[in-house]
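A short worksheet on the structure shown next.
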Amino acid sequence: MDKMPKWADVILIPLISVVLALVVSGLVVALIGESPWRAMQVMVRGAFGSAYGWGYTLYYATNFIFTGLAVAVAFHARLFNIGGEGQAAIGGLGVAIILLNVAWPHWTIALIAALVFSAAFAAAWAAVPAYLQARRGSHIVITTIMFNYIASALLVYLLVNVFRVDGSMAPESARFAETVHLPGGGDFAGFLGFSATTPLNVSIFLALAACVLVWVLIWRTRLGYEIRSFGHSESAAVYAGISPYRITMITMLISGGLAGMMAINVVMGEAERLVLDFVEGAGFVGIAVALMGRSHPVGVVLAALLFGALYQGGAELQFEMPAISREMVVVIQALVILFTGALDNMVRMPMESLFLSLRRRREDAARKTPAE
Amino acid sequence: MTPTAPAIELKGISKSFGPVQANRDISLSVARGTIHGIVGENGAGKSTLMSILYGFYKADRGEIFINGTLTPIPDSQAAIRAGIGMVHQHFKLVENFTVVENVILGAEDGAFLTPSIAKARKTLTQLSEDYGLRVDPDAIIEDLSVGHQQRVEILKQLYRHADILILDEPTGVLTPTEADQLFRILERLRAEGKTIILITHKLREIMDITDTVSVMRRGEMTNTVKTADTSPAELAEMMVGRKVLLQVDKTPAIPGEVVLSVQDLRVRHGGVDRLKGVSFDIRRGEIFGIAGVAGNGQTELLEVLGGMISASGGSVTMFGAPLDISGGGANGQTRRARGIGHVPEDRQTEGLIMPFEAWENVAFGYHKDPKYNAGPLMDHAAMQADCADKMARYDVRPPNPRLPARNFSGGNQQKIVVAREMDRAPDLLLVGQPTRGVDIGAIEFIHKQIIALRDQGKAILLVSVELDEIIGLSDRIAVMFDGRIMGERLPDQTDQNELGLLMAGVTEGAA
Amino acid sequence: MDFLTILQILDSTVRLATPLLLACLAGLYSERAGIFDIGLEGKILAAAFFSAAVAFASGSVWVGMLAGIAASMALAALHGVASITFRGNQLISGVAINFLAAGLTVVIAQTWFQQGGRTPQLAGDARFENIVLPGAATRIRDIAQQGPLGQLYSELISGHSIIVYVAFAIVPLTWWVLYRTRFGLRLRAVGENPAAVDTAGISVVGLRFAAVLIAGVLCGIAGAYLATALNAGFVKDMSAGRGFIALAALIFAKWRPWYALSACLLFGFFDAVGNRYQNIQLGEIIVPVQFMQALPYILVVIVLAGLVGKAIPPRAGGEPYVKER
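See the structure below:
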């Protein structure tokens, strides 16, 4: 017998956890001497108060959907991929290489090429920690973190020594050709008030498509069935003839590929060139998004939207309340990970006993009214 | 402390875990210097009751009297202070510690180890001699045999001056010889005035050694009787609540062609030789039983035949064609394709994915079967229909395909595994511990299914640590010890004693 | 390369190995008790900030260090509550703590000092001074004129902050605690088989909290060393992955104190070489500075890839303890 109805498990508990995280964040704001109430108003207005705000919110959310799905897919195989940051960076490298070196006639073909290259580069970057985990038992959490540092050093080296435009001091690549410019929010949703002033672009549709595909993969395909089986019990997977090595590799390749696609939104869609540190922590936000979204694509979209709003609202906050550093978003992200991930039982245990006592009372009441 | 007071008296103990009532209003009284047995089916609440007595759980209601004095036992510390010691079914030993380190853990003298260890070594020597429990104090636990590890557990309790000793299923991991030795030790302890509670599901042991016995059923204590006044059949009836057949009904086997032929099979796993050259054949229409104490290579034998681990040498053929026993071809998928079904030893960590719903588990391992798939996607409707059908035919209760596996009782979980592995009528069925942790009703059902499969002309390899089960089901019996087959016997030409000697590694010449 | 240069690199090795060693020993206590701690990084960072901030405000490096230790212990307690009390996922809790530290240090630094997330430069009593051992020379010119033994003494052994000596002393102390005391026996037992500890009537929760809090103290010292001895103040993300490198060193060391010392010295050495030789020329190829910077992280991966043999972690590591029925 389950202790709680399913809706409480998948909706109520994450919701309470997120509210707790936001309340504690508010306390932090109060402790540094600012009004959490006003901060929230500024953030909500900044994120949702205008088409401009929405544009940025959705742009950030696109990033977080990709990185959140990346972490979520790995979670299903009980793999903790903290390397989204580095994988996305290398994905950006793939995008830049293919867009700078080929004269693309139209953005649609370029987009497909960028998709393939971003995913392939990032998947390759994820493959090394995956292989080491599967074959050598090296702790994937630590190796993926190390690969973030290594990716960052590699990108600096390449931007300074290879991609940098002659005569320029800035560690960034040349601008991509005009033909590969992705349609922005103003192009496809101008009627909603979006304009070219925000970086929102067609990548958001890729992100949503990725959600659908991940859902199909995890819950409707044999591979997804095998991934979930392996995630729940490695010994059972071996019993059933599911190769742990194969599942670890495939899952991490998919996870890395999803993280890499995030680069399309930023490198191709926004910056239109490869710049230093373009990932800006999105890989790490993916962890919070996946945890909060219970590793389900629908949850990931909702969580990504929340974090998109936090990023955009946080940027607005810096203008209006300069005392609150932008790193406040990192604090909120940490608290969301803490409450929805590590402290899950803190919310769960009292809720379970609550539902249990509710059911007891209902059963007692049913017993007292004799059947007619 | 009054001289006539019982050593232990429980009054009205109740305990529930969430919606499950594990113990309901239990009262029990055990006289000093006696051995008291507690029997009951799996999940009857025996272990919970003893965990309450040992302070591992706190009872919701009820009182505990030790030697006539009301003694609240909120934690294990309090139980130890009250002179209660417990030897758990799964030993609570630190495997890479020495014997003496394990013995002093929690009973050290002072903050520094050196004097504690010196003193303990002296005391251990004394205790070993007093009770015939010889163990090397400096041996590492993982190097000791299971029987010796159990001695360490008993020594641990005696070192803590336990007067009341609880033993939870102590013979499950022992050879019959070792079990006998244990009983001699228990008798000696009783003679010294210690009180012993013995939890077991083996009625023969109850009859052999206890003075009184209590029966538990569905969380309640239904009867307490003098052992001399009862019989195994009567106890079994009290446990289950109806008459039970203690014997398995079957006709003689009619063996056909050789299905599986194993030659000089060797397995090296985790740096240790687990199988040291095993050879045997299994024919159509026979049940080949492998007896032995857990950990003598039976697990590895099942796993290598099931494709879960690789062999390091030897060969296996099925219907004359070789079976891959190492490399990429050796896996559970290729085994199933060759017509090998596998009921694994541990349904919870191998046979089932506990959070998966029953219908997902019914396809587990066979998920690539076209009948569960529609093109690139899995056909959930077909899987659920198949599950409902199997649940009906294999009497799985409740027959709800949407229930997660973890919400079924042990017996019904096992029925799901059995339904999945047997319903395809595989040419060879590997069965490990088919009735471990399963209630008597389900045991009868599973045994009947195994025999029915044999009667269809299929070959069955049965591994069990329960000698009764091996003797009752098998048409031929092999005994494994230390990675080798010590000998083969026919069930009607052997007995527990002979098999027990083989299980202890006593070779035929010496026996 | 002359002898003095080698000594200078070794001296730098010792300095750079010290925070790793403290963090590694912190991880040792925690993981020996069965609690994974990838939050070492965050604890070091939090301690670095609070020690620097409070040292600046109070003018006393010792008060600063206490504040650093307190901050680190607060995060350790949080890890304990999440992973011991509420039996949460230890990895996720560690990740959350790392982000919490990364975010909070900058947020608070900005509020207190308005210098873009750093503390003001520390000077005087707000920093740990190097201790000159009796008879040691301090000026390069004087050292260069000494004999090899004198150089060894003056350059390598003398002239470190008190924390360096303390850190090295903690290694034998840890060995003694682990293998010669009741606490150590119980600590090792709870990391191997908590059920054995529980049935022996000892509190699993209490032991594990003790271990986690000791880890908090050691990370606190590591952070204080980073901000008030090795550097002169806090800057954003100054822990730079040291917590993770310490974890790799711990695995390399197979969870043993003396091996931990060697492993940390090795990582410290590579760090020192990377710092000294920013661009190494190997024949035609110039090894870029970014490679030298990434070298410690690459080494961690190589070490974890098991080029050093399989390490067996404490058996109950990472699993929350739930009583069996």
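Chains as they are written, first to last, in my numbering: chain A, 1494 to 1865; chain B, 4 to 514; chain C, 684 to 1008. Just so it is clear, CB atoms sit at the ideal spot from N, CA and C, and this is done for glycine as well.
- Contact with chain C is absent for residue 206 of chain B, since none of that chain's Cβ atoms lies less than 8 Å from the residue's Cβ.
- For the stretch 20-96 of chain B, the continuous beta strand (DSSP E) assignments of 3+ residues that do not extend past its boundaries occur at 23-33, 38-43, 64-69, 87-90, in sequence order.
- Within 7 Å of the CB of residue 715 of chain C, no CB atom of chain A is found; the nearest one sits about 17 Å away.
- Nearest to residue 935 of chain C by alpha-carbon distance, out of C/924, C/925, C/947, is C/947.
- With a threshold of 16 other beta carbon atoms within 10 Å, residue 730 of chain C meets it and is buried.
- Along the stretch 1757-1803 of chain A, the alpha helix (DSSP H) occurs as fully enclosed runs of 4 or more residues at 1775-1785, listed in sequence order.
- Using a Cβ-Cβ cut-off of 8 Å, residue 272 of chain B does not count as an interface residue toward chain A, since no Cβ of chain A sits closer than that to its own.
- Taking the Cα of residue 1778 of chain A as reference, the smallest distance to any Cα among A/1812, A/1555, A/1750 is reached at A/1555.
- Listed along chain C are 765, 769, 771, each with a C-beta nearer than 7 Å to that of residue 1836 of chain A.
- Going by DSSP, residue 266 of chain B is part of the beta strand (DSSP E) stretching over 261-272.
- Residues of the stretch 358-381 of chain B that bring their beta carbon within less than 9 Å of a beta carbon in chain A comprise 358, 359, 363, 366, 367, 368, 369, 370, 371, 375, 376, 379, 380, 381, in sequence order.
- About 4 Å separates the Cβ atoms of residue 344 of chain B and residue 429 of chain B, confirming a contact at the 8 Å cut-off.
- Measuring C-alpha to C-alpha distances from residue 214 of chain B to each of B/81, B/184, B/181, B/36 identifies B/36 as the nearest.
- Contact between residue 1571 of chain A and residue 1724 of chain A holds: CB atoms are separated by about 4 Å, below the 8 Å threshold.
- Burial of residue 26 of chain B is indicated by the presence of at least 16 other C-beta atoms within 10 angstroms of its C-beta.
- Classified as exposed, residue 832 of chain C has fewer than 16 neighbouring CB atoms from the shown chains inside 10 Å of its CB.
- Under the Cβ criterion of 8 Å, residue 1827 of chain A is counted among the residues facing chain C.
- Taking every protein chain shown into account, the CB of residue 468 of chain B has 16 or more other CB atoms within 10 angstroms, so this residue is buried.
- Selection B/495, B/156, B/192 evaluated against residue 166 of chain B yields B/192 as nearest (Cα-Cα).
- Scanning its chain for C-beta atoms nearer than 7 Å, with the 5 sequence neighbours on each side dropped, one finds around residue 314 of chain B the residues 268, 269, 270, 307, 328, 329, in chain order.
- Neighbours of residue 1824 of chain A in chain C, taken as residues whose beta carbon is under 7 Å from its own, are 783, 786, 787, 790 in chain order.
- By the 16-neighbour rule on beta-carbons within 10 angstroms, residue 933 of chain C is buried.
- In summary, residue 1507 of chain A is buried, with 16 or more beta-carbon neighbours lying within 10 Å of its beta-carbon over all protein chains present.
- In terms of CA proximity to residue 839 of chain C, C/814 leads the group C/867, C/814, C/863.
- In this structure, the beta-carbon distance from residue 180 of chain B to residue 507 of chain B falls below 8 Å.
- The criterion of a C-beta distance shorter than 8 Å is satisfied by residue 789 of chain C and residue 919 of chain C.
- Taking the C-beta atoms as reference points, residue 955 of chain C is found no nearer than 8 Å to residue 703 of chain C.
- For residue 462 of chain B, the enclosing beta strand (DSSP E) begins and ends at 462-466.
- A distance below 6 Å between beta-carbons, with the five flanking residues on each side excluded, links residue 140 of chain B to the following residues of its chain, in chain order: 102, 103, 124, 127.
- For residue 168 of chain B, the enclosing beta strand (DSSP E) stretches over residues 167-171.
- Contacts with chain C at 8 Å (Cβ-Cβ) include residue 1839 of chain A.
- Within chain C, the residues 884 have their CB atoms less than 7 Å from the CB of residue 83 of chain B, given in chain order.
- Counting only residues of its own chain and dropping the five nearest sequence neighbours on each side, residue 1005 of chain C has a CB closer than 8 Å to the CB of 770.
- In the pairwise beta carbon analysis, the stretch 1615-1632 of chain A is classified as touching the stretch 1742-1749 of chain A: at least three pairs are separated by under 8 Å.
- For residue 1741 of chain A, not one C-beta of chain B is nearer than 8 Å to its own C-beta.
- Within the stretch 323-347 of chain B, the residues whose Cβ lies closer than 8 Å to any Cβ of chain A are, in chain order, 334, 335, 336, 337, 338, 339, 345, 347.
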